[in-house]
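Numbering of the sequence shown is given in my numbering, commencing with residue 737 and proceeding in unit increments. Even glycine gets a Cβ: it sits at the ideal position worked out from N, Cα and C. For clarity, every value in this text was computed on a predicted model and none was experimentally measured.
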Amino acid sequence: MIKFNIKTRIVVFVMLFELVAYGAIQLFNHVIYKNELMTLKIKEIEQLFHVGNEKINAMSSLLERNAIHLAEIGEYLYQLKQQNKLSSAELSNQFKQTLLTNFRALPEAVGGGIWYEPYVYDKNEQFFGPYAYQTDKGVEFTWSLSHLEYNYHSMDWYQIAVKDNWGADQNVYKPVIWTAPYVDDAATFSLMMTVDAIMYDKLRKPIGVSTVDWSLKHITSFIQSLHVTENSQAFLIHEQSQQILSFPQLLPNADDWPVLSWFNQLFTVLPADSLSQIPNIKLNDNDYHLVYTRTQSGFIFGSLIPVTDLEDDINQITLLTLLAGSLIGLIFLTILLLFLKILFSPFDRVLAQIKASITHESSNDDCVTVHSIDYPKRNEFTPIIHALNEVYGQVNSYISDISMHNGRLKVSKLEIKHLNEQLEYKVIERTEQLRLKTEEAQASLAHLKNTQQQLIEQEKHASLGRLVAGVSHEINTPLGVSITACSCIFDEITLLQDKITNQALTKSDFEECLDRISQSAQVMQTNLKRTGELIASFKQIAVNEAAEDCHHFELTQYLHELVLTLTPKVKANKHHIKLLNSAAPIQLYSDPAAISLVILNIVDNALTHAFRQPHGHVFIDVTADSDHVQITVKDNGDGMVEDVTNLIFDPFFTTTRSDGNSGLGMHIVYNIVTQQLHGNIECKSKLGQGTEFIITLPHNATKST
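Printed below as a string of structure tokens:
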């Protein structure tokens, strides 16, 4: 850890304090200035958007009023036509003068006309639609759109009024309907929108529409000229059709807009003339703020503002403040260092005298000598020097004592070194003795393992012998019955031959004899089949006992055969054994002989220790998952106390040693499961509630060597 003197600590403390205070002030100024600037920018943006909204709304209102005015003129001229107050030529001239005068006073519109339904204005005229439009030379009037080739009745700008039921849902004097933006391919060939005003007769029946075509060129140019910040870019979208009318250079292709993540947010419900924002938009590796509003006339007017434009002023002020603050801090530290140097100069002189008073002997670096300090001045250091001189006197006394003890310590070190050398010799001697003992222990362990393997082999052969005895006893019964049945068959055949020889055979005698022969043959067949099953099961078990090798086999079928083999022995003791879940096939790669030996020993242990009364039950259950197979052997016998359960797998542990039991059966089971089958076995038992052995084996085990 670095240690500082008092002067350095003061300087470091002041520097840290200044940095923390200066950083806090800078952070505070940055946050306050940023918030104020953002507020100012938002107000400026709101003002610009208000101007844009007012212009768009005013223009759309002006065009709607103009369309309504043309509709009123169209209705008036229609009435004159119906009343025959003017000739057709005079009426045509009235249409021309009205449209020319109207659009000369309305340069914002690129054209417009008065369009009647087929044969309504004149029963001989299907198309009657005078039209005027703006040109470079002024407003021009034409009848060229009133013919079948153009067929204005089928145009979208006309059909929008028909499909809207002539504005019947608007509940106003003169309904107006706006089209979506489109390109005029008949006269002006420019991007425009058309406003339709419905014309009615005296019975309030629609007779046509008046139209005013609004060129969007001027309004889009006006939108692009609005700059919220130096590098901001504005855009204009028609809300209903989602057409992009004006877009910034950042996104020059309007087809790319719908795939933008924030595009659909623009069309959420937003009150007219209110301002909304979408922050943190990433475009061309730059961050932008999107500010937008919805006009009363159905446009979405917005602007993409670079975040850097909003932060430039903040960064400039922050940099200026940082430079000024750094200069002030540097001047402050310089003055502080000069002040500390003057303030600590007496202390430095006293410290130099104290250092000079402590010296080392040139002949012996371990010997330290202190001298009294001569300080003739009278100031705040004088009492300290007097006290220090007194301490020096005590130090010199202690140094003498230490020198004496150091001499004794060197002698002790020599003695300890000699003892260490003797200790090393003894360690080597003890290590050699330990090696010999280890070799003896390893030899004993090898002998113990060999003995243990021999005991396992003996127990396996003994289990197989007990199994053979049980199977032999069980086979004697069906074989005896079969011999008796066979003898009965021979007796009946002899009797039948005698009656045939003596010609005393009747039909009823023959049928009775044949029935007795059939029954005897059936009894013999049943018992011989039972004998064959017992021999087949025993043969399979015996073969597996002899093989002692891992291979693939079906565990459920194998356990079924094992249970058949064990049944005679269990029944001989007036008990029962049953395999549960026998219908589920389980494939296993393991040593079936080892599994058989484990089951045999557990069943033998149950028959020997578990049941005091007859009619006990042993259940074998098997389940499997993706990694392991679990075999459970459970009885409903007397159970065991906890102390016996904890010691059941220990070698030579038995509760019936007086009956000749060695106590190795369950120890052999434990070793086979854990060492040979690479599994795990667990015993659960409570007194009076039976015993349960849970054997967990892997699906794929390698036989241990």
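The Cβ-Cβ distance between S968 and L1079 does not fall below 9 Å. Here T1029 really is in contact with N789; their C-beta atoms are around 6 Å apart, less than 8 Å. The beta carbon of I934 is closer than 7 Å to those of A807, A897, W902, G903, K910, P911, P942 and V945 in its chain, skipping five residues each way along the sequence. In the pairwise beta carbon analysis, the region 882-894 is classified as touching the region 846-863: at least three pairs are separated by under 8 Å. Using a Cβ-Cβ distance cut-off of 8 Å, the region 831-844 and the region 796-814 are in contact, since at least three pairs of beta carbons, one from each stretch, lie closer than that value.
Bridge partners of H1288 according to DSSP: Y1325. With a beta-carbon spacing of about 5 Å, N1372 and G1426 fall inside the 8 Å limit used to define contacts. Inclusion of V1299 and I1322 in the CB contact set at 9 Å is not warranted, their separation being larger than that value.
Distances from the CA of S1326 to each of T965, V1306 and H1435 were compared; the closest alpha carbon is that of H1435. Going by C-alpha positions, V1409 is about 58 Å away from I1229. Under the three-state reduction of DSSP output, R1171 falls in the helix class. For E844, there is no enclosing alpha helix (DSSP H), as DSSP marks it with neither H nor E. Comparing alpha-carbon positions, the option among D1363, D932 and P1042 lying closest to N1020 turns out to be P1042. Straight through space, the alpha carbons of L1264 and N1337 are spaced by roughly 29 Å.
Counting only runs of 3+ residues, the beta strand (DSSP E) found wholly inside the region 1099-1138 occupies 1104-1106, in chain order.
In summary, L1413 is buried, with 16 or more beta-carbon neighbours lying within 10 Å of its beta-carbon over all protein chains present. In chain order, W851, F863, G865, L881, S882 and Y894 place their CB closer than 8 Å to the CB of Y888, counting only its own chain and leaving out the 5 sequence neighbours on each side. Per DSSP, V1354 is one residue of the beta strand (DSSP E) stretching across H1353 to A1360. At a Cβ-Cβ threshold of 9 Å, H1351 and H1312 count as neighbours.
In this structure, Q976 and G1034 form a Cβ contact; the two beta carbons are roughly 6 Å apart against a cut-off of 8 Å. About 45 Å separates the CB atoms of L1011 and F753; that is not less than 8 Å, and the two are not in contact.
Taking C-beta separations shorter than 7 Å and ignoring five residues to either side along the sequence, the partners of H1403 in its chain run F1385, D1386 and P1387, following chain order. Residue environment: M1140 is assigned as exposed (fewer than 16 neighbouring CB atoms within 10 Å of its CB, all protein chains considered).
Between the C-alpha atoms of T1432 and K1307 there is a straight-line separation of about 28 Å.
According to the DSSP assignment, D949 belongs to no alpha helix (DSSP H) but to the beta strand (DSSP E) extending over P942 to S951. With respect to L1324, V1259 sits apart: the two C-beta atoms are not nearer than 9 Å. The residues L1076, in chain order, have a CB closer than 8 Å to that of I746 in the same chain once the five nearest residues on each side in sequence are set aside. Judged by DSSP in its simplified three-state form, N820 adopts coil rather than helix or strand. Cα atoms of H1107 and G1065: separation of roughly 45 Å, rounded to the nearest angstrom. Per DSSP, reduced to three states, the secondary structure at T1095 is strand.
In the DSSP assignment, Q895 falls within the alpha helix (DSSP H) that extends over D892 to K899. Sequence-distant partners of Y1406 (beyond 5 residues in either direction) whose C-beta falls short of 7 Å from its own C-beta, in its chain, are F1385 and I1417. Each residue's CA atom was taken as its position, placing R1348 and D1374 some 7 Å apart.
Annotated three-state conformation of F1037 is strand, per DSSP. Selection L1291, S957 and S1136 evaluated against I1367 yields L1291 as nearest (Cα-Cα). The residue from F1037, T930, E1165 and I1152 with its alpha-carbon nearest to that of F958 is F1037.
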